[in-house]
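Going line by line, the protein sequences match chains A and B.
Residue 155, in the numbering used here, is where the first sequence stops; the numbers in between run on with no holes.
Residue 310, in the numbering used here, is where the second sequence stops; the numbers in between run on with no holes.
There are 2 protein chains.
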Amino acid sequence: MSNPDKSGSANRSDKTADFETLCRKAGLKVTPQRLAVHKALIESKDHPSADMLYRRIKNVIPNISFDTVNRTLLTLAEIGAALVVEGTGDVKRFDGTLRKHQHFRCVKCKRIFDIDHTDFDDIPVPREIGTKFTVTRTTVYFEGFCDACMMVPHK
Amino acid sequence: MSNPDKSGSANRSDKTADFETLCRKAGLKVTPQRLAVHKALIESKDHPSADMLYRRIKNVIPNISFDTVNRTLLTLAEIGAALVVEGTGDVKRFDGTLRKHQHFRCVKCKRIFDIDHTDFDDIPVPREIGTKFTVTRTTVYFEGFCDACMMVPHK
DNA sequence: CTCTGTGCAAACACTTTGCAGCTAA
DNA sequence: TTAGCTGCAAAGTGTTTGCACAGAG
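This is how it looks when you write it as structure tokens:
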């Protein structure tokens, strides 16, 4: 925990440098706000919401607006510098099928499709998870583009 | 479509009867609204939101309120007559860790924990999914109660 | 200098809560 | 009868959009 970086790959400045490169490659300007959002995100281990990050970043750039944080996060996700935790951000969706199955979600049209792949019906809960958490649900979850959305150009 | 039921297990009235039994067992009253919501849900294959179902049920019970539909769905999920699609209903949560990993989400406190179980890092996309969808993300996803939330009584 | 990004504010969409009258049991 | 359910209304929370000014390239 006190050990700064075990990933073996890059320290924080390296990550920032990589991020700057990524921005330029994507045609995005490197602004203090973007750097701050990126830095705060990679330092956060709690999968923060836009609001949680906003409050943290305010300590660094007091007059940053929530909208900038929110929009920047969305931008980071688009250029691949951040991930949106699977499923989050959608309205609640219900399923009346109680039989064990999996879901595929189209990130474009938001449709959710049932997947019945019995190999995935009994994924065992690894010991290290089962002892720390009480797992009530284990699913294999797919995201991507459905056939209809693949036909129209993205964006 | 005109074919009533191919599931082989139970026809619609059976499912409704089962649902009534489940309600009584849970100490819930069997109301026309609950029956209508349940019926509409199990007939829907598109993982509807409360609003989507509300509009459908309005055709059957024109003066039903959105709130009843919404609350009923939440109730169904509680008694195990419906499922909330994994992750949905939460605010967007971001992740700055790009390395392949999995998530455990506590349904009570909404905290999300990283899981690093390398066995799950390379779940192959089944042929029948890959040909129909363009999968950009495959994850094993866990839900349940974290240790802290297990200590306090649920509800 | 130019064009993108930022900050502010308003509009929206979804969810939750409280309460009075209604109804299943 | 009576506890629980429904419908209505309001408030709360998170997200999106439009626009004028500021700042990166």
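Quick reminder that beta carbons are idealized off the backbone N, C-alpha and C, glycines included.
Within the region 171-228 of chain B, complete beta strand (DSSP E) segments of at least 3 residues are not found at all. Where D147/A is concerned, there is no enclosing beta strand (DSSP E), although the alpha helix (DSSP H) around it starts and stops at D147 to M151.
Judged by beta-carbon spacing, T227/B lies within the 8 Å limit of V192/B, meaning their Cβ atoms are closer than that value. Distances from the CA of D201/B to each of I115/A, D18/A and A82/A were compared; the closest alpha carbon is that of I115/A.
Contact check for A50/A against N63/A fails: the beta carbons are separated by 8 Å or more. Note on geometry: alpha-carbon atoms of E241/B and E298/B lie some 8 Å from one another. Residue nearest to F275/B within the set K265/B, E283/B and T294/B is T294/B (criterion: CA-CA distance). For the pair of segments examined, the region 145-153 of chain A was found to touch the region 92-107 of chain A: the number of CB pairs separated by less than 8 Å reaches three. Along the region 201-221 of chain B, going in chain order, the ones with a CB nearer than 8 Å to a CB of chain A are D201, H202, P203, S204, A205, D206 and L208. Contact annotation: I216/B and Q188/B have beta-carbon atoms nearer than 8 Å.
The shortest C-alpha to C-alpha distance from C23/A to any of K58/A, I79/A and S44/A is the one to I79/A.
By DSSP's assignment, E298/B forms a beta bridge with R137/A and R260/B.
Look at L83/A here: in three-state DSSP terms it is strand. Nearest Cα to I129/A within the set V307/B, F221/B, L208/B and F268/B: F268/B. Residues are counted here when their Cβ sits less than 8 Å from a Cβ of chain A; for the region 280-300 of chain B these are V280, P281, E283, I284, K287, F288, T289, V290, T291, R292, T293, T294, V295, Y296, F297, E298, G299 and F300, given in chain order. Between D250/B and A82/A the beta-carbon gap is near 7 Å, inside 8 Å, which marks them as a contact. Taking a Cβ-Cβ threshold of 7 Å, the residues of chain A close to A237/B are F94, D95 and G96, in chain order.
Your pair A195/B and L183/B does not check out as a contact, with CB atoms roughly 17 Å apart and the cut at 8 Å.
V30/A and A17/A have their C-alpha atoms some 11 Å from each other.
In this structure, P124/A keeps its C-beta atom at 8 Å or more from the C-beta atom of H272/B. Note on geometry: alpha-carbon atoms of K255/B and R266/B lie some 19 Å from one another. I284/B carries a helical assignment under DSSP once its states are collapsed to helix, strand and coil. In terms of Cβ geometry, V84/A and K247/B form a close pair [threshold 8 Å]. DSSP places I267/B inside the beta strand (DSSP E), whose first and last residues are I267 to I270. Taking a C-beta distance under 8 Å as the contact criterion, I197/B and K170/B qualify as a contact pair. In this structure, M305/B lies away from T136/A, with their beta-carbon atoms at least 8 Å apart.
Residue environment: L231/B is assigned as buried (16 or more neighbouring CB atoms within 10 Å of its CB, all protein chains considered).
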